[in-house]
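Please read the structure below before turning to the comments.
Numbering (the numbering used here), first residue to last: 138 to 425.
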């Protein structure tokens with residue numbers, strides 16, 4: 138797919154990205170902005186080994202060691218697979234129902250090997266941070282806690298990517314519906330899911346245990362600042378939001394709406410160019 142820079146040029150300033158739970162598991166979704174040197178990333182990764190991997194990756198990312206939360210003390214559950222560690226306790230009574238994941242068994246990726254008492258920090262209490270345009274959260278069930286104590290930073294964002302669960306894999310964890318309601322109350326619409334993951338109920342067994350038959354388990358929920366109130370978006374917001382939604386999520390319909398609004402304000406004709414390129418390259422059938 139074409140780059141939005143072909144139509145609107147470079148972003149007017151670096152896109153400010155917050156990455157909460159920045160463990161490297163392949164290239165981050167915002168990699169196109171790193172490659173084009175059009176973003177600055179502020180990352181929060183409290184696990185020392187994972188943070189060192191990030192710091193030695195060569196990626197232009199500023200990394201902080203904070204456990205983000207409510208500002209109090211909490212138990213950190215360290216699991217066999219680092220990507221399952223959490224401020225919440227894995228619930229084996231749920232996890233062990235499904236093929237390909239496990240908690241009670243020592244070989245399971247959610248199996249707790251030990252715990253630590255940690256001091257958490259409220260996102261809103263950290264001084265000297267830029268105002269985020271995009272916030273990505275992936276911290277195994279504690280995402281809503283971070284958002285609840287980061288509403289000042291959240292209010293500046295245009296797009297939020299939040300890992301959500303549909304079943305309580307961790308004890309007392311909020312689920313997608315809880316996150317969606319909170320985000321709606323704070324001026325964000327749920328936009329779409331990406332990277333949905335499913336698993337099959339045991340004793341069903343398959344050659345690919347990560348491709349479940351029927352049960353969605355978790356995924357990344359994308360939220361966008363209320364697009365029915367574009368009067369609350371500045372001209373710069375419209376442009377940066379377009380970059381985020383085009384380059385990372387292929388949300389061409391919403392991008393077109395943002396570009397068209399910016400055209401209207403500034404007497405431009407970039408939406409027509411966008412439509413032209415979509416007709417040439419878009420994998421979807423569309424009428425405009």
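Idealized CB from N, CA, C, for every residue including glycine.
C-alpha distance - residue i paired with residue j, whole-angstrom precision
i           : j           : result
residue 369 : residue 178 : 25 Å
residue 287 : residue 215 : 24 Å
residue 309 : residue 195 : 37 Å
residue 306 : residue 145 : 43 Å
residue 275 : residue 381 : 18 Å
residue 224 : residue 240 : 15 Å
residue 300 : residue 277 : 8 Å
residue 171 : residue 208 : 31 Å
residue 323 : residue 351 : 32 Å
residue 292 : residue 343 : 44 Å
residue 394 : residue 406 : 13 Å
residue 325 : residue 222 : 28 Å
residue 154 : residue 417 : 31 Å
residue 372 : residue 349 : 43 Å
CB-CB length for residue i against residue j, believed under 8 Å
i           : j           : result
residue 235 : residue 150 : Going by Cβ atoms, the distance from residue 235 to residue 150 rounds to 45 Å, so no, they are not a contact pair.
residue 391 : residue 353 : Not confirmed; about 23 Å, so no contact.
residue 281 : residue 228 : That belief does not hold up - the Cβ atoms of residue 281 and residue 228 are roughly 17 Å apart, past 8 Å.
residue 273 : residue 361 : Actually they do not touch by this definition, with Cβ atoms about 14 Å apart.
residue 283 : residue 205 : 5 Å
Proximity test, residue i beta-carbon vs the ligand ATP heavy atom, cut-off 7 Å
i           : result
residue 325 : Absent from the structure shown: the ligand ATP. Ligands present: none.
Residue range of the beta strand (DSSP E) that includes residue i
i           : result
residue 178 : 176 to 181
residue 302 : 296 to 302
residue 139 : Where residue 139 is concerned, there is no enclosing beta strand (DSSP E), given that its DSSP letter is neither H nor E.
DSSP beta-bridge partners of residue i
i           : result
residue 256 : 210
residue 358 : 299 and 330
Which of helix, strand or coil DSSP assigns to residue i
i           : result
residue 323 : coil
residue 203 : coil
residue 383 : helix
Span of the alpha helix (DSSP H) around residue i
i           : result
residue 232 : 229 to 232
residue 412 : 407 to 418
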